[in-house]
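J.: One structure follows; several queries about it will come next.
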Amino acid sequence: MQSSLTPFRVAVIGGGPAGLMAAQTLAQGGVRVDVYDAMPSVGRKFLLAGRSGMNITHAEPYADFVTRYGKSAQPLQPMLDAFDPQAVRGWVHGLGLETFVGTSGRVFPTDMKAAPLLRAWVHQLRESGVQFHMRHRWQGWRDDALVFSAPDDNGHPAEQLVSADAVILALGGASWARLGSDGAWMPVLAARGVEVAPLAPANCGFDVAWSEHFSSRHAGEPLMTVAVIARDAQGQEIRKQGQFVVTQGGIEGSLIYALSAALRDQIAAEGTTTIWLDLLPDLSPQRVADEIARPRGSRSMSSHLQSRLGIKGVKAGLLRECLSKDEYADESLLAQAIKRLPVRLLRPRPIDEAISSAGGVCWSALEGTMLKAVPGAFVAGEMIDWEAPTGGYLLTACFAGGVAAARDALAWLTPR
């Protein structure tokens, strides 16, 4: 029986947003907290994600917010209800930083940077008694002890055994492995009888078989103000407008990421999939057809398209790339293609390049956030089989999952 002088000790493995939020909640609950991470410092993926602007959550109506998690919205909602986007903003304010809502509804710290937020957070955690153990790579369990590989006094890898009353695993998925989340925990949990789904890329780009002529001229060029038509899991067409980038061997960018789950699953089921591009989403099909049909005199079709419709650069290149000469020369077919240009996607980009990952611990393997097969072990963040688009949804669910796992651990420890 633990006394008030020897509080429970909880190990948090993983120093990303979910792990740090779990550590904070545990410390507030009065237990001793030790955070272990394989990297030399915590929050490395968090810092990299914030280089272009630290998007921490989203300010859209909460009922809409929850739907962004797709098939995992139902199991995630209790966690999100307990630590919703407004709570995320309040937490940031509690660190002494202000937030603002951008024009897209995304929420940012006022200075747009991740580093000041992380510094303030780690300082607060240290002040609350949280101990950090860096370069500790988790290997699994031996009997009831946690096994780590960590440098000895001479800097050589050595095995360390750690005893804890409970453990929270927040090891991330398998994207950006160089920052610490490499999915190496999957076989460890599977060996303990935990049901896991294969990790897969999420918020990712896709390969396209561009010709050398096209890719050498247009790789790196953004497609601004376009729409993508794709198919959802039920085969129904979905349409989203935004922007993305042509790469040397495919496509990537926010508009593609927003559709990546459906596209990835279709490729897994069918081998490839097709999307259709609306290159002029603000113009009706009739307007496009009328403009093309106007007399062009001696001008080439490419000059005519630029003059009448503003199609040039990568958009003009895509029409040449994806249409045959006969199709390009047929005014009716060309007008149709401008509004619905087919592009075949071959495969998702590798998981290590993805912004996030799907798969991991199945919801059916959990009781709350505790592993049914390993009592006293809780999981949080991207380790669980859910995914979400970019826009603050990933971070919010990681924060909320860390809070939920910590509260579940405290509740499990209390009667003991």
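In full-length UniProt numbering, the protein residues as written are 1 to 416.
Quick reminder that beta carbons are idealized off the backbone N, C-alpha and C, glycines included.
Keep in mind the model is a prediction, meaning the values are calculated, not measured.
In this structure, what does DSSP give as the bridge partners for E237?
T.: In the sequence shown, counting from the first residue as 1, residue 237 sits at position 237. Paired residue(s): R231.
J.: Can you give me the C-alpha to C-alpha distance between K45 and H123, rounded to a whole angstrom?
T.: Here residue 45 refers to the residue found at position 45 of the sequence shown. Here residue 123 refers to the residue found at position 123 of the sequence shown. Straight-line Cα distance between these residues: approximately 18 Å.
J.: With 16 as the cutoff for other CB atoms within 10 Å, does Q131 come out buried or exposed?
T.: In the sequence shown, residue 131 corresponds to position 131, counting from 1. Burial call: exposed.
J.: Count the C-beta pairs between the stretch 396-409 and the stretch 175-195 that are closer than 8 Å, then say yes if the count reaches three, no if not.
T.: No contact exists between the stretch 396-409 and the stretch 175-195.
J.: Quick one: measure Cβ to Cβ for A184 and S163, integer angstroms, because I've assumed they're closer than 8 Å.
T.: Taking the first residue of the sequence shown as 1, we reach residue 184 at position 184. Taking the first residue of the sequence shown as 1, we reach residue 163 at position 163. At roughly 22 Å, the Cβ-Cβ gap does not stay under 8 Å, so A184 and S163 are not in contact.
J.: What residues in its chain sit with their C-beta under 7 Å from that of S219, if we drop five residues either side in the sequence?
T.: As a working note, residue 219 is residue 219 in the sequence shown. According to the sequence displayed, residue 219 carries Ala and not Ser. Excluding positions up to five away in sequence, the list reads V246, T247 and Q248.
J.: Taking the alpha helix (DSSP H) that H213 belongs to, which residues open and close that run?
T.: Your numbering for residue 213 matches position 213 in the sequence shown. Its alpha helix (DSSP H) spans residues E212 to H218.
J.: Report yes or no: do the stretch 351-369 and the stretch 281-290 share at least 3 C-beta pairs separated by less than 8 Å?
T.: Contact between the stretch 351-369 and the stretch 281-290 is absent, because fewer than three Cβ pairs lie under 8 Å.
J.: Buried or exposed, going by whether 16 or more other CB atoms sit within 10 Å of the CB of Y257?
T.: Numbered from its first residue, the sequence shown carries residue 257 at position 257. Result: buried.
J.: Can the beta-carbon of A329 be found closer than 9 Å to that of I292?
T.: The residue labelled residue 329 in the question sits at position 329 within the sequence shown. The residue labelled residue 292 in the question sits at position 292 within the sequence shown. For A329 and I292, no; Cβs fall outside 9 Å.
J.: If you check the beta carbons only, do R349 and G205 fall under 9 Å apart?
T.: Locating residue 349 in the sequence shown gives position 349, where the first residue counts as 1. Locating residue 205 in the sequence shown gives position 205, where the first residue counts as 1. It is a contact, given that the beta carbons lie within the stated cut-off.
J.: Considering only residues of the stretch 305-377, which uninterrupted alpha helix (DSSP H) runs meet the minimum length of 4 residues and lie entirely inside it, listed in chain order?
T.: Listed in chain order, the complete alpha helix (DSSP H) runs (minimum 4 residues) inside the stretch 305-377 are 313-322, 325-329 and 331-339.
J.: Quickly, what does DSSP pair H58 with across the bridge? List them, please.
T.: Reading the sequence shown from its first residue, position 58 is the one you call residue 58. DSSP lists R106 as partners of H58.
J.: For the structure I just gave you, are there three or more beta carbon pairs, one from the stretch 109-121 and one from the stretch 132-152, closer than 8 Å?
T.: At 8 Å Cβ cutoff, the stretches do not touch.
J.: Tell me where the beta strand (DSSP E) around H133 begins and ends.
T.: As a working mapping, residue 133 is identified with position 133 in the sequence shown. Q131 to H133 is the extent of the beta strand (DSSP E) around H133.
J.: Please report the distance separating the alpha-carbon of I351 from that of S175.
T.: Locating residue 351 in the sequence shown gives position 351, where the first residue counts as 1. Locating residue 175 in the sequence shown gives position 175, where the first residue counts as 1. Taking the straight line joining both Cα atoms gives about 5 Å.
J.: Is N154 buried or exposed, if buried means 16 or more other CB atoms sit within 10 Å of its CB?
T.: Numbered from its first residue, the sequence shown carries residue 154 at position 154. By the neighbour-count rule (16 or more Cβ atoms within 10 Å), N154 is not buried but exposed.
J.: Among E252, G30 and E195, whose alpha-carbon lies nearest the alpha-carbon of A373?
T.: Against the sequence shown, residue 373 aligns to sequence position 373. When each option's Cα is compared against that of A373, the closest is E195.
J.: How would you label Q2, buried or exposed, when you count the other beta carbons within 10 angstroms and need 16 or more for buried?
T.: As a first step, residue 2 is located in the sequence shown; it is residue number 2 there, counting from the start. The predicted position of Q2 is uncertain, since its pLDDT is 41 and thus under 50; a value taken from the coordinates is nonetheless stated next. It counts as exposed.
J.: My output table needs one value for E291: the three-state DSSP class, helix, strand or coil.
T.: What you label residue 291 is simply residue 291 of the sequence shown in a count that begins at 1. In this structure, E291 counts as helix in the three-state DSSP scheme.
J.: Quick one: is residue 432 buried, meaning 16 or more other Cβ sit within 10 Å of its Cβ, or exposed?
T.: This structure cannot speak to residue 432, because the chain is shown only from 1 to 416.
J.: Are there three or more Cβ pairs, one per stretch, closer than 8 Å when the stretch 53-63 is compared with the stretch 18-30?
T.: The stretch 53-63, when compared against the stretch 18-30, does not touch it at the 8 Å Cβ threshold.
J.: Which same chain residues, not among the five before or five after Q243, have their C-beta less than 8 Å away from its C-beta?
T.: Taking the first residue of the sequence shown as 1, we reach residue 243 at position 243. Same-chain partners within the cutoff: P222, L223, M224, T225, V226, G253, S254 and L255.
J.: Hey, out of G70, S211, T110 and R308, whose CA is closest to L283's CA?
T.: Here residue 283 refers to the residue found at position 283 when the sequence shown is read from its first residue. L283 has its Cα closest to that of R308, out of G70, S211, T110 and R308.
J.: Which residue from H304, G172, G381 and I229 puts its Cα closest to that of L345?
T.: Position 345 of the sequence shown holds residue 345. Minimum Cα distance to L345 is reached at I229.
J.: Inspect the beta-carbon positions of I338 and I355 and report whether they are closer than 9 Å.
T.: Mapped onto the sequence shown, residue 338 falls at position 338. Mapped onto the sequence shown, residue 355 falls at position 355. Cβ distance not < 9 Å, so I338 and I355 don't count as in contact.
J.: Identify the residues that DSSP records as bridge partners of R137: which are they?
T.: Here residue 137 is taken as the residue at index 137 of the sequence shown, counted from 1. For R137, which the question treats as bridged, DSSP gives the partners S149.
J.: For F206, does the three-state DSSP call read helix, strand or coil?
T.: Taking the first residue of the sequence shown as position 1, residue 206 is located at position 206. The answer is strand: DSSP assigns F206 an E or B state.
J.: Should H58 be labelled buried (16 or more other beta-carbon atoms within 10 Å of its own) or exposed?
T.: Sequence index remark: in the sequence shown, residue 58 carries index 58 (1-based). With 16 or more Cβ atoms within 10 Å of its Cβ, H58 is classed as buried.
J.: Please classify S4 as buried or exposed, where buried requires at least 16 neighbouring CB atoms within 10 angstroms.
T.: For this step, residue 4 is matched to residue 4 along the sequence shown. Its pLDDT being 45, under 50, S4 is placed unreliably in this model, and the value from its coordinates should be taken loosely. With fewer than 16 Cβ atoms within 10 Å of its Cβ, S4 is classed as exposed.
J.: Please report the distance separating the alpha-carbon of Q306 from that of G297.
T.: Numbered from its first residue, the sequence shown carries residue 306 at position 306. Numbered from its first residue, the sequence shown carries residue 297 at position 297. Approximately 14 Å, taken between the alpha carbons.
J.: Going by Cα to Cα distance, which pick from T25, K71 and E60 is closest to G392?
T.: As a working note, residue 392 is residue 392 in the sequence shown. When only C-alpha atoms are compared, the closest one is E60.
J.: Excluding sequence positions up to five away, which residues of its chain have a Cβ less than 6 Å from the Cβ of Q266?
T.: Walking along the sequence shown from the start, residue 266 turns up at place 266. The answer, listed in chain order, is T273.
J.: How would you write the range of the alpha helix (DSSP H) that Q74 sits in, first residue to last?
T.: By 1-based counting over the sequence shown, the position of residue 74 is 74. Looking at the DSSP string, the run of the alpha helix (DSSP H) that includes Q74 is A73 to A82.
J.: Please report the residue range of the alpha helix (DSSP H) in which residue 423 lies.
T.: Look at the range of the chain in this structure, 1 to 416, and you will see that residue 423 is not part of it.
J.: Measuring only the C-alpha atoms, how far is R217 from V343?
T.: The residue labelled residue 217 in the question sits at position 217 within the sequence shown. The residue labelled residue 343 in the question sits at position 343 within the sequence shown. Between R217 and V343, the C-alpha separation is close to 18 Å.
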